[in-house]
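Just below is one structure, and these are the notes that go with it.
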Amino acid sequence: MKFKDKHRFVRSNMKKNRTRVWMTILASTIGCAFLIMLASIGFAIHKTAVNDVMSFRMVNEIQVVKENGRMTEKDVKKLEQVKGVKTVTRKKYVPANQLSLGEYHNFADVMSAHVPSEEKAGFELEKGRMPKAKNEIVVGYHFAEELRKDLPEGLSEEETQKKMKEFSYKGDLLNETLKYHLTTAGPENKAEGPVKTVDVKIVGIGKKPTREWARDNSVFITEELYHEVISVLRKQDPKIISDNELKSYGEVKAFTATAEDVKEVTDRIEKLEYMTYSIIKELKEMNVYFTLFKAGLIFIGAIAVLIASIGIFNTMTMAVTERSQDIGIMKAIGATPKTIKRIFLLESAYIGLWGVGLGTILAYITSYGVNFVLPIIIEQFVNEKPPEGFMLSYIPWSLTLIAVTICMGVTLLSGWRPAAKATTVDVLKALRRDV
Amino acid sequence: MISVSNLSYAFKIGKKGKENIIPVLHDVNLQVAEGEIVAVVGRSGSGKSTLLNLISGFIQSEVGSITINGTDVSKFSESKWAEFRLNHLGFIFQSFQLIPSMSAFENVELPLVLKGVSVTERKKKAEEMLKRVGLESFQHHYPGELSGGQQQRVSIARALILNPPLILADEPTGSLDSENEKQLLSFVKELNEKYGITFLMITHDHEVASIAHRKVEIIDGYLREEKTLHEVQR
Numbered sequence: 000m001k002f003k004d005k006h007r008f009v010r011s012n013m014k015k016n017r018t019r020v021w022m023t024i025l026a027s028t029i030g031c032a033f034l035i036m037l038a039s040i041g042f043a044i045h046k047t048a049v050n051d052v053m054s055f056r057m058v059n060e061i062q063v064v065k066e067n068g069r070m071t072e073k074d075v076k077k078l079e080q081v082k083g084v085k086t087v088t089r090k091k092y093v094p095a096n097q098l099s100l101g102e103y104h105n106f107a108d109v110m111s112a113h114v115p116s117e118e119k120a121g122f123e124l125e126k127g128r129m130p131k132a133k134n135e136i137v138v139g140y141h142f143a144e145e146l147r148k149d150l151p152e153g154l155s156e157e158e159t160q161k162k163m164k165e166f167s168y169k170g171d172l173l174n175e176t177l178k179y180h181l182t183t184a185g186p187e188n189k190a191e192g193p194v195k196t197v198d199v200k201i202v203g204i205g206k207k208p209t210r211e212w213a214r215d216n217s218v219f220i221t222e223e224l225y226h227e228v229i230s231v232l233r234k235q236d237p238k239i240i241s242d243n244e245l246k247s248y249g250e251v252k253a254f255t256a257t258a259e260d261v262k263e264v265t266d267r268i269e270k271l272e273y274m275t276y277s278i279i280k281e282l283k284e285m286n287v288y289f290t291l292f293k294a295g296l297i298f299i300g301a302i303a304v305l306i307a308s309i310g311i312f313n314t315m316t317m318a319v320t321e322r323s324q325d326i327g328i329m330k331a332i333g334a335t336p337k338t339i340k341r342i343f344l345l346e347s348a349y350i351g352l353w354g355v356g357l358g359t360i361l362a363y364i365t366s367y368g369v370n371f372v373l374p375i376i377i378e379q380f381v382n383e384k385p386p387e388g389f390m391l392s393y394i395p396w397s398l399t400l401i402a403v404t405i406c407m408g409v410t411l412l413s414g415w416r417p418a419a420k421a422t423t424v425d426v427l428k429a430l431r432r433d434v
Numbered sequence: 000m001i002s003v004s005n006l007s008y009a010f011k012i013g014k015k016g017k018e019n020i021i022p023v024l025h026d027v028n029l030q031v032a033e034g035e036i037v038a039v040v041g042r043s044g045s046g047k048s049t050l051l052n053l054i055s056g057f058i059q060s061e062v063g064s065i066t067i068n069g070t071d072v073s074k075f076s077e078s079k080w081a082e083f084r085l086n087h088l089g090f091i092f093q094s095f096q097l098i099p100s101m102s103a104f105e106n107v108e109l110p111l112v113l114k115g116v117s118v119t120e121r122k123k124k125a126e127e128m129l130k131r132v133g134l135e136s137f138q139h140h141y142p143g144e145l146s147g148g149q150q151q152r153v154s155i156a157r158a159l160i161l162n163p164p165l166i167l168a169d170e171p172t173g174s175l176d177s178e179n180e181k182q183l184l185s186f187v188k189e190l191n192e193k194y195g196i197t198f199l200m201i202t203h204d205h206e207v208a209s210i211a212h213r214k215v216e217i218i219d220g221y222l223r224e225e226k227t228l229h230e231v232q233r
């Protein structure tokens, strides 16, 4: 018997009991949609967590530290030789962090960085260029916003927040010359007496961070200026930085060409007895927990599918019972048990397919609706904006595939027994109308 | 065409291990030649339908053997029997056994569907067969919309659609009036004479038995006698 004929057969049989079949399809649809929706919450939380982790670091970045002691130039050279390493960035943090332009002040994250490696690692400028001369600097995208006049004292927290924008520097900082205060004093512990300053020129402004909430208030100074600043600071306080610290780096990061290389390169670096920390490593640990969480949700969702499958089992059992005489006649004139079984399996598969199809569509619509409506509700009732990129439900293609597999598997299993029962219909009893 | 040797059969009634065994057929031997019409007669409960069911493969016996068209079918599996029935046997039942949800055309084409014949060929053959039994204008009617005689003709068309060499008929005129009975019997005769189709018919109707070349009687499960057509007529 050809598939086309089996299909025709099944369709005409399904049409005979339209209400019953559609009710069963409805149960499967709800079961499938529930499974996808429930698991989609797990997938959404996982995705949000991954995005959160990824937003802080680059995927192809490996932070390297020594088990004992600090990273030196020798270590950097060693890392540069590791197969798969594209570049190694190194930074030295400077304890002096006050810069000013007239009455505007900024307490920034000042650091000395190796410019070629930073560029190779993907550091980009919004405008300007990288420093060439000793007193040239590059500032972060939000440096100008953080460069502000002293706020009047006695303001409430709310008023301070409002005034901050108002007191910020409004002009273009490129090519402006600032005064760099060579002191470790900050806004809380003001320096006593006169402080030595050096003039620094802003030659470049960093690109805006991809994340809306991320603030870049860093300042890159040259290696020569770093040494000058440190020598001045050491005169003020000889213990401020040791000789060892002076020769070493505060932060060393190895970069690979692609995210796929990170694991292999990490293994190679660890073989050289360095400790590493990469996003891939963090994600790996996180993924284990989330996979278990998602599996749990899928399991609970699958229970709904199982309940729906009872409906399919009942429908198919009734179909077999109702059609026992037809089955008997078909067997008498030459239908093999295999043909009979396939016809009934096909019928349950069609019910399952309709259920899965409609369930998936329903789940996608619900998911889209929830993600659209929920932030509005939160904003209305809690009076707070949900975090950027927040989603309650996320349905990746893999979840759809899992749900379809589970639903179809359960459907076929529930249709199996009635189909097998159909093959055992006794021809003589059926012909005598005894069944 | 059919060779039944030392065939015995007993029904088992009751729970497994505590069954009551009721013997129905005892050491039956029957030969049906190609192109013959053989009538199996006997009282109700004598075992004649059981013999037909055994030859049809609806039930199987552990004792004796059955050979049809040169093939020993005694030990066939259910699937093999189904295939064999489709390819070699045609059936005419007392209560027609048409599928009520299918039209006359669909019932007739069913064996072709099971065999996997193409739609075009199926349509051509089924229409031709319905025309042969005089029901071309009733092809879209459902069994419930046809008279007993018409239903039996649909059933015959279905039995003949795959040109089987042997037709097994169980009380074929049992549900027909005398007019339809006559028509059916003349059709059977025509098929036998024109196409050489072999018929094995179970009946207790003397009219039916009268068209047979041979009459075989079963009494209490024993095949008592075999008579030639001449003897039957005498």
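Going line by line, the protein sequences match chains Z and P.
Just so you know, we're using numbering that gives the first Met the number 0 here: the first sequence kicks off at 0 and counts up by one.
Just so you know, we're using numbering that gives the first Met the number 0 here: the second sequence kicks off at 0 and counts up by one.
The beta-carbon is built from N, C-alpha and C at its ideal position, and this holds for glycine as well.
Every value quoted in this text rests on a predicted model; they were computed, and no experiment measured them.
For a contact meaning CB atoms closer than 7 Å, what does residue i contact in chain Z?
i	result
S78/P	T335, P336, K337
P110/P	I332, G333
Could you please give me the residues that DSSP links to residue i through a beta bridge?
i	result
E60/Z	F254/Z
F104/P	According to DSSP, F104/P bridges with nothing at all.
D169/P	I201/P
D325/Z	DSSP output for D325/Z lists no bridge partner at all.
Y8/P	L24/P
V138/Z	I204/Z, V218/Z
I40/Z	In the DSSP output, where bridge partners are listed per residue, I40/Z has none listed.
Between which two residues does the alpha helix (DSSP H) carrying residue i extend?
i	result
L245/Z	242-246
Q150/P	147-159
E383/Z	Careful: E383/Z lies outside any alpha helix (DSSP H) and carries neither H nor E.
A125/P	118-131
L98/Z	Unbroken run through L98/Z is the beta strand (DSSP E), 97-100; no alpha helix (DSSP H).
R233/Z	222-235
I405/Z	396-422
K428/Z	426-430
T49/P	47-55
E189/P	177-194
N12/Z	2-15
F83/P	77-87
S64/P	Not the alpha helix (DSSP H): S64/P falls in the beta strand (DSSP E), residues 62-67.
Starting from residue i and walking both ways along the beta strand (DSSP E), at which residues does that stretch end?
i	result
N216/Z	Taken as a continuous stretch (DSSP letters only), N216/Z belongs to no beta strand (DSSP E), as it is neither H nor E.
I204/Z	196-205
L471/Z	The structure shown does not extend to residue 471/Z, since chain Z is modelled only from 0 through 434, so no value can be given for it.
I21/P	19-31
N105/Z	103-106
K126/Z	124-127
Kindly list, in the order they appear in chain P, the residues whose Cβ is closer than 8 Å to that of residue i.
i	result
L427/Z	N52, F57, I58
Cα-Cα, which of the options is closest to residue i?
i	options	result
R431/Z	G16/P, L97/P, I196/P	L97/P
L29/P	N5/P, G46/P, K11/P, S48/P	N5/P
K131/Z	K161/Z, G203/Z, A120/Z	G203/Z
G195/P	E180/P, A103/P, H212/P	H212/P
L352/Z	G414/Z, M317/Z, E175/Z	G414/Z
I40/Z	F292/Z, T335/Z, V409/Z, S323/Z	F292/Z
L50/P	F95/P, T70/P, I1/P	I1/P
I210/P	I54/P, L24/P, Q182/P	Q182/P
K162/Z	D171/Z, L146/Z, W212/Z	L146/Z
V109/Z	I229/Z, I377/Z, S116/Z	I229/Z
T359/Z	D325/Z, P374/Z, L400/Z, A348/Z	L400/Z
P417/Z	T316/Z, A331/Z, Q379/Z, V138/Z	T316/Z
F57/P	G34/P, F83/P, V37/P	F83/P
L412/Z	G310/Z, K207/Z, L398/Z	G310/Z
K340/Z	K82/Z, I332/Z, A318/Z, A421/Z	A421/Z
Can you pull the chain Z residues whose beta carbon is under 9 Å from the beta carbon of residue i, in chain order?
i	result
L113/P	M0, D4, M329, I332, G333, A334, T335, T338
E82/P	G333, T335
L165/P	Near L165/P there are no residues of chain Z at all, since even the closest Cβ is about 13 Å away, more than 9 Å.
L85/P	I332, G333, A334, T335
What does residue i touch in chain P if you count any residue whose Cβ is under 9 Å from its own?
i	result
K420/Z	The contacting residues do not exist; K420/Z stays about 15 Å from chain P at best.
D325/Z	I98, P99, S100, M101
K15/Z	S100
I want to verify the contact list: residues of chain P whose CB lies under 7 Å from the CB of residue i, in sequence order.
i	result
L430/Z	F92, Q96
Please compile the residues from chain C whose C-beta is within a distance smaller than 9 Å of the C-beta of residue i.
i	result
K280/Z	The chain inventory of the structure shown lacks chain C, comprising the protein chains Z and P.
Hey, which unbroken runs of the alpha helix (DSSP H) at 4 residues or more fall wholly within the segment 328-374 of chain Z?
none
Length at least 4, wholly inside the segment 248-304 of chain Z: the alpha helix (DSSP H) runs in chain order
261-270
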